[in-house]
Every structure is written in structure tokens, then in C-alpha cells.
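Peer 1: Residues in the sequence shown are numbered consecutively from 38, following our numbering.
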Amino acid sequence: MDNKEILVGIVDDHTMFRQGIRSILSENEEIKIVFDAPNGGIMKEKIANHPLPHVVLMDITMPQVNGYDATRWLKQNHPSVKVLALSMFEEDEPIIRMLKCGAGGYILKESTAADLVFAIKTIAEHDYFLNNLVTGKLIRSLQEEINAPNVVSDLSANEIRFLELCCSELTYKEIAVKMNLSVHTIDNYRDALFEKLDLKSRTGLVLFALKNGVVRL
38 MDNKEILVGI
48 VDDHTMFRQG
58 IRSILSENEE
68 IKIVFDAPNG
78 GIMKEKIANH
88 PLPHVVLMDI
98 TMPQVNGYDA
108 TRWLKQNHPS
118 VKVLALSMFE
128 EDEPIIRMLK
138 CGAGGYILKE
148 STAADLVFAI
158 KTIAEHDYFL
168 NNLVTGKLIR
178 SLQEEINAPN
188 VVSDLSANEI
198 RFLELCCSEL
208 TYKEIAVKMN
218 LSVHTIDNYR
228 DALFEKLDLK
238 SRTGLVLFAL
248 KNGVVRL
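Now the structure itself:
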């Protein structure tokens, strides 16, 4: 991210929790809260009337429009926004489901303030955040899934190299330097792979690369 200030939206149906997160994040000069909302429906209204956030902290269980649907809507309508799921659920199903909906990371509500700030900065900079909890769930999920038809064989050498680098901590700009390509070309690779593989986020690219053996954990 070139802009040092990270704009953040908070979507959670518990008022006191939203206020607590606001209080925690307001102490960090690099983070600015642009809105908070009690559900995905109100989030849509807030986004229409506030600066577009870089990162949205997304609860899962909410009335009217839940976190799954709100995340899908965000990635379809504002794909540049990174979604960091913030939930109390530790089970495999909600974590994997949120990632498949387009979330770039997942962190538990019981996490420390320092861990939350680190996750926000990481996903803002690298487009995804994978901690030990999520990595473990991914390994189990990938072991249980049957590989789809070998789509990898249809990808170019540059697309495969791009996928490999997406699984690193490099930013898209740093990937461009590594591949001796322009940032615009890298953006085109990313968008083309999103369309070709029916994905919505860098986390989706990482999942695809892991599932199909492009890289290994």
C-alpha cells in the first residue's frame, strides 16, 4: 500500500464490540475507522456515503445480511476492498466458507489488540493474512477435497510463476519487480486468473495454488 493510512470499516452486530474495536484501533496512527455497521445491509449504505475502506473487519453471524453474503457482495462490487473475517468460530466450516466467499484472512475475536493490528496491516499490504489457525484448517480442507480437472496445464509459465509468488509475502508491486514486468501487467495477470479460475481474492489464488500442487505447504 502506498497510502500509509489504512481506512477500515467494522461490520458486527454487537454495538459494544464495535465500540471496543474502534477504541483499540483509534490508538494506532496508521489506521482510520471510516464507518461501522451492525450488518451487511447497513454496510452497503455506509459504503455509499463514506470513503471506500481498504479493509473491512467482518463478523459472520448477523441479522438481515450475514458475513458470507456481505463478503461476496463486497468482492463483486468493490474487489479492491480486503475482507478480514473477525469471528468467535474456530470450526473448519465457517473459516473455509469465509475464505471461499472472498475473505483474505480470518482472526478470532479473542485475539489480542496487537494481533488484530498486525492482521489489518498485513492484509492491507499483501491482500491476505494466514495465521496458524487458518493454515491448519486449509491443510485439512485441501486433504479432503478431490482435485478438479487439471486447470494448471492450461496456464502459461508466467501465470504459474505469478501464482507461486502470490503465495509469498511479496506485494503485487514487488512481484512485478521479481518478474521484470510492469505493475499494470501483473494486475492484468491477477484479473485474468480471477476470471479464468472463478476466484475473487488473492487468498483464492493461494488456495488454488495449494490445492493443485503449484506450491506446497
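Heads up, the beta-carbon is just placed ideally off N, CA and C, and yes, glycines get one too.
In whole angstroms, give me the CA-to-CA distance for residue 166 and residue 102.
Peer 2: 24 Å
Peer 1: Would residue 100 and residue 50 be called neighbours here (beta carbons separated by less than 8 Å)?
Peer 2: In this structure, residue 50 lies closer than 8 Å to residue 100 by Cβ.
Peer 1: Apply the 10 Å Cβ neighbour rule to residue 46 and answer buried if 16 or more other Cβ atoms are within range, or exposed otherwise.
Peer 2: buried
Peer 1: Count the other CB atoms, across all protein chains shown, that sit within 10 Å of the CB of residue 52; report buried if there are 16 or more and exposed otherwise.
Peer 2: exposed
Peer 1: Can you have a look at residue 183 and say buried or exposed, based on whether 16 or more other CB atoms are within 10 angstroms of its CB?
Peer 2: Residue confidence for residue 183 is low, a pLDDT of 41 falling below 50, so the modelled location carries little weight and cannot support an answer.
Peer 1: Exposed or buried, what is residue 235 when buried is set at 16 or more other beta-carbons lying within 10 Å of its beta-carbon?
Peer 2: exposed
Peer 1: Quick one: what's got a C-beta closer than 6 Å to residue 212's C-beta in the same chain, skipping five residues either side?
Peer 2: 202 and 223
Peer 1: Using DSSP with H/G/I as helix, E/B as strand and the rest coil, what is residue 250?
Peer 2: Assignment of residue 250 by DSSP, reduced to helix, strand and coil, places it in the coil class.
Peer 1: Smallest Cα separation from residue 98: which of 76, 198 and 228?
Peer 2: Comparing Cα-Cα distances from residue 98 to each of 76, 198 and 228, the minimum goes to 76.
Peer 1: What does a CB cutoff of less than 6 Å around residue 136 pick up in its chain, not counting 5 residues either side in sequence?
Peer 2: 240
Peer 1: Return the CA-CA distance between residue 79 and residue 86, expressed in angstroms with no decimal places.
Peer 2: 11 Å
Peer 1: Report yes if the C-beta distance between residue 139 and residue 171 is below 8 Å; otherwise report no.
Peer 2: no
Peer 1: Is the CB of residue 57 under 8 Å away from at least one CB in chain D?
Peer 2: Protein chains in the displayed structure number just one, and chain D is not present.
Peer 1: According to DSSP, is residue 143 part of a helix, a strand, or is it coil?
Peer 2: strand
Peer 1: Does the segment 119-130 come within contact of the segment 142-154, defined as at least 3 CB pairs closer than 8 Å?
Peer 2: yes
Peer 1: How is the alpha helix (DSSP H) around residue 228 delimited, first residue to last?
Peer 2: 220-234
Peer 1: Taking the straight line between their C-alpha atoms, what separation do you get for residue 185 and residue 65?
Peer 2: In this prediction, residue 185 scores a pLDDT of 49, lower than 50, which makes its location untrustworthy; no coordinate-derived value is stated.
Peer 1: Under 6 Å Cβ to Cβ from residue 54, same chain only, skipping five residues before and after it: list those, please.
Peer 2: none
Peer 1: Just to confirm my understanding: we take residue 251, look at its own chain, exclude 5 residues before and 5 after, and list those with CB closer than 7 Å. What are they?
Peer 2: 189, 197, 200 and 201
Peer 1: Could you compute how far the alpha carbon of residue 191 sits from the alpha carbon of residue 226?
Peer 2: 14 Å
Peer 1: Just to confirm before moving on: does the CB-CB distance between residue 121 and residue 160 stay below 8 Å?
Peer 2: yes
Peer 1: Based on the DSSP output, what are the partners of residue 73 in its beta bridges?
Peer 2: 47
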